[in-house]
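Notes for the one structure printed next.
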Amino acid sequence: MFNLPMGLIAGATYPFRALALLVNEPKLRGYVIVPILINILIGIALYVGLVFPGLELVDTLTQQWTFQWNQWIASLPMWLGFLTGFTVVLHWLLNVLVLLVLFLVTGFLLVQFGAILGSPWYGQLSEQIEKTRLGQLPQINTHPLAIAQDIWRAILFELKKLLLMAIAGIPLLLFNFIPAIGTLLFSIGSLTLATTLVCLDFFDSPLERRKLPFRQKLTLVWRTFPASATFGLVCFGLVSVPFINILTVPLCVSGGTLLFCDRIWPHHFTQERSDIALGTRE
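Counting in my numbering, the sequence shown tops out at residue 623, every number present.
Take a look at the structure:
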């Protein structure tokens with residue numbers, strides 16, 4: 342029980358611990374420059390191709406809706422004319438809501454594409470952090486066949502995330518049909534799913550070095566609760582902030598590795614710890 346509040350607080354701090362680490366370790370900055378450039382290109386493509394057209398579509402739809410609303414109000418008795426004021430409020434609320442959704446979706450897509458395209462640099466960044474934190478890395482097979490297997494594993498990882506989104510997302514959509522509490526259940530469930538996927542992305546570098554299956558990676562995310570939950574929420578928030586999210590993905594990758602070293606590795610990789618201890622004594 343004591344670990345519950347401490348985990349809640351600690352998990353949220355790891356992206357900021359990663360920022361301090363990158364500031365204090367100049368040798369790590371070289372692994373961040375190229376991914377940031379990649380994120381800039383992806384961000385421009387997403388904002389131009391998704392956000393701006395989305396805003397134009399919303400503006401068109403809200404204008405049509407406003408026109409129909411005003412026509413309906415005009416047919417009402419004079420004493421109900423005060424409802425005209427609600428048009429402006431509802432128009433503003435709808436635009437804000439859709440804007441938030443567009444930014445959340447854009448941030449989520451930026452993480453997915455940025456993590457895939459920047460994976461060679463993020464992998465090296467994570468290796469350097471883990472080596473500094475734990476003293477050594479698990480043995481890595483550099484055989485050409487092993488590299489091909491790693492690529493195949495990366496493709497399967499993304500496909501399994503899509504499958505998880507489908508399996509969890511379809512029932513979540515059905516929650517919207519439940520009166521009163523349906524929207525609330527959908528919002529909570531969607532946020533939980535998004536946070537889980539974000540954790541899978543940002544924990545993946547150290548977990549993949551150990552060739553863990555997807556189900557075990559997912560289990561470790563849940564076993565690290567509540568630290569993983571607050572870490573995922575903070576990262577999801579950071580990658581949803583327009584333009585700032587271009588810079589925050591490397592921070593979240595670094596923060597995920599730090600959290601792995603501090604909170605996952607000591608408790609769930611006892612055999613690896615024993616092997617390292619025996620190797621040190623020898």
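Positions of the beta carbon are idealized from the N, C-alpha and C atoms, including for glycine.
If you draw a straight line from the Cα of V442 to the Cα of S595, it comes to about 26 angstroms.
In summary, T447 is buried, with 16 or more beta-carbon neighbours lying within 10 Å of its beta-carbon over all protein chains present. Inter-residue distance for A489 and R550 is about 14 angstroms (C-alpha atoms, whole angstroms). Taking all protein chains shown into account, E471 has 16 or more neighbouring C-beta atoms within 10 Å of its C-beta and is therefore buried. Closest in alpha carbon position to F527, among T536, L515, L538 and T537, is L515. Restricting attention to beta strand (DSSP E) runs no shorter than 3 residues, the segment 428 to 456 encloses none. Cα atoms of L513 and A507: separation of roughly 10 angstroms, rounded to the nearest angstrom.
Taking 8 angstroms as the cut-off, the Cβ atoms of G510 and T536 do not count as close.
Under the three-state reduction of DSSP output, K558 falls in the helix class.
P567 sits in coil when the DSSP states are folded into three classes, being neither helix nor strand. Taking the C-beta atoms as reference points, I379 is found no nearer than 8 angstroms to L497.
In the structure shown, the three-state DSSP call for F610 is coil. Setting aside the 5 residues that flank it on each side, F577 is surrounded in the same chain by A535, T536 and V539, each with a C-beta closer than 7 angstroms to its C-beta; the list follows chain order. For Y388, the closest of Q405, D542 and L450 by C-alpha to C-alpha distance is L450. DSSP, reduced to helix, strand and coil, places K501 within a helical segment of the structure shown. With contact defined as three or more Cβ pairs closer than 8 angstroms, the segment 545 to 562 and the segment 577 to 591 are not in contact.
With respect to the 8 angstroms criterion, G352 and T571 are classified as neighbours on the basis of their beta carbons.
Between L478 and C602 the beta-carbon gap is near 11 angstroms, outside 8 angstroms, which marks them as no contact. Between L592 and P356, the CB-CB gap stays under 8 angstroms.
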